[in-house]
Amino acid sequence: MEQIRLTDLTPVAANPEAALYDLGDGIACLEFRSKSNSVSKLVGEFIAETLDRHMASFDGLVIGNQSKNFSVGADLAALRVRCEQGDIEGVHETSARAHRTYTRVKAYGKPIVAAPYRNTLGGGLELVLHCHRRVAHTQVWMGLVEAGVGLLPGGGGVKETALQALGQPKGDARSRALLTGFDKLVCKRKSKDAAEAFQMGYLQDGDLVVDRLEDLLGRAKAVCRAMPPRAAYTEPQVEWPGAEAYHALLAHTEALIAQGALSPYDRVIGDYIAQILTGGSISARPVTEGELMEAEAAFFGELARDGRTLERIVHLLEHGSLLAN
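Following my numbering, the numbering of the sequence shown begins with 273 at its first residue and continues without gaps.
Spelled out as structure tokens, the structure:
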């Protein structure tokens with residue numbers, strides 16, 4: 273297996289928080305360089321710039337790096353400032369911008385392969401979920417854990433959870449998938465390894481796992497090279513199940529609060545997540561991927577408006593632990 277060291281290569285393009293490398297054989301690699309590899313505004317802008325301009329010279333793209341973790345998620349320091357300033361429109365735009373960028377990744381005509389390892393959380397995991405294939409290290413700890421800071425996944429994480437669950441056959445299979453998807457979001461669950469990431473739906477059929485971290489980028493490059501150009505993207509056709517499913521998820525939240533597994537503010541976060549997954553107190557009806565993203569961005573902004581979210585963000589940034597308010 274080819275072993276790739278990004279430190280031996282010179283970027284072909286870069287900004288202060290991301291870089292693009294030529295791995296050879298028509299494959300590029302996009303590396304995060306932000307603090308803790310957070311998906312900052314500059315990282316998002318560089319992803320868009322890469323798809324707009326730089327990929328004209330390449331046949332495929334690997335998204336990966338070789339630092340301590342793949343990504344710890346969103347830029348919480350920037351979110352803290354927006355919340356403190358009451359810039360809810362800016363918070364909403366943060367979510368909408370992530371949706372635009374990740375949707376472009378998902379629909380891109382050339383193959384894009386993510387190479388996650390160790391902590392792959394929040395916005396970093398949302399990017400991974402929108403890639404066409406994943407080549408993960410066996411020790412990968414994946415989770416959409418935004419509820420821990422008083423938010424919901426705002427870059428397509430709830431939307432992708434909904435598409436997976438609502439794509440199941442109606443009846444018990446879909447009900448189980450909705451409950452499982454809801455539970456992993458509201459309880460901030462994180463995989464203990466790649467095998468559990470498959471069980472949680474963060475790794476999917478066709479994804480690969482490697483045992484040696486030094487082989488990760490080489491295997492991801494090989495997978496990317498073997499993939500043909502992508503067919504035009506077709507949006508999934510799914511249906512919101514409506515009121516019965518919605519109230520079942522709310523009942524699950526109440527049971528978790530009674531057990532002490534969740535705190536009172538998690539009830540608010542869970543309600544918003546449940547509405548995105550089911551449509552809320554409505555009759556069943558078709559829902560588009562765009563509608564799911566609009567709901568996600570709207571509720572992301574509403575949570576940022578609540579002072580309890582800022583309390584959670586500040587507590588994590590200043591004390592390094594989660595606040596159960």
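C-beta atoms are modelled at their ideal positions from N, C-alpha and C, and glycine is treated no differently.
Please read these numbers as outputs of a predicted model, since none were measured by experiment.
- DSSP, read as helix, strand or coil, puts D444 in helix.
- In terms of Cβ geometry, L575 and G422 form a close pair [threshold 7 Å].
- At a Cβ-Cβ threshold of 7 Å, R354 and G362 count as neighbours.
- Listed in chain order, the non-local C-beta contacts of V540 below 6 Å within the same chain number zero, local neighbours out to five positions each way being set aside.
- In the assembly as shown, H591 is an exposed residue. Its beta-carbon has fewer than 16 other beta-carbons within 10 Å.
- Between G426 and F572 the beta-carbon gap is near 4 Å, inside 8 Å, which marks them as a contact.
- Just measuring C-alpha positions, the residue of S463, L424, F470, G420 sitting nearest Q436 is F470.
- As the crow flies, the alpha-carbon of R484 is around 42 Å from that of P536.
- Using a Cβ distance threshold of 7 Å, G551 and G579 do not count as a contacting pair.
- Non-local beta-carbon contacts of A492 in its own chain, meaning distances under 7 Å to residues more than five positions away in sequence, involve V334, G336, V385, A387, V407 in chain order.
- Taking each of T282, W413, L564 in turn and checking the Cα distance to A434, the smallest one comes out for L564.
- With respect to the C-alpha of K456, the residue from V417, G478, A467 having the closest C-alpha is V417.
- Within the region 274–347, the complete beta strand (DSSP E) segments at least 3 residues long are 285–287, 290–296, 299–304, 332–335, listed from N- to C-terminus.
- Taking one beta carbon from each stretch, the region 342–357 and the region 394–411 have 3 or more pairs nearer than 8 Å; the two touch.
- In this structure, DSSP gives P558 an extended state, which the three-state scheme calls strand.
- If you check the CB distance, F454 and L399 do not come in under 7 Å.
- R305 sits close to A290, with the two beta carbons spaced by under 7 Å.
- Going by DSSP, V495 is part of the alpha helix (DSSP H) stretching over 488–498.
- V417 sits in coil when the DSSP states are folded into three classes, being neither helix nor strand.
- Under DSSP, H409 takes part in a beta bridge, and its partners are V482.
- In its chain, beyond the 5 residues on either side, G514 have a beta carbon closer than 6 Å to the beta carbon of I554.
- If you draw a straight line from the Cα of A300 to the Cα of S312, it comes to about 21 Å.
- According to DSSP, N391 shares a beta bridge with W413.
- Separation of N341 and S308 (C-alpha to C-alpha, rounded to the nearest whole angstrom) is 7 Å.
- Residue range 429–438 is occupied by the alpha helix (DSSP H) that includes E432.
- Exclusion of the five residues before and after L401 leaves E432 as the residues of its chain whose Cβ lies within less than 6 Å of its Cβ.
- A straight line joining the alpha-carbon of H371 with that of D297 spans about 30 Å.
- Leaving aside the five residues that flank K462 on each side, the residues in its chain whose CB is nearer than 8 Å to its CB run, in chain order, L393, W413, M414, G415, V417.
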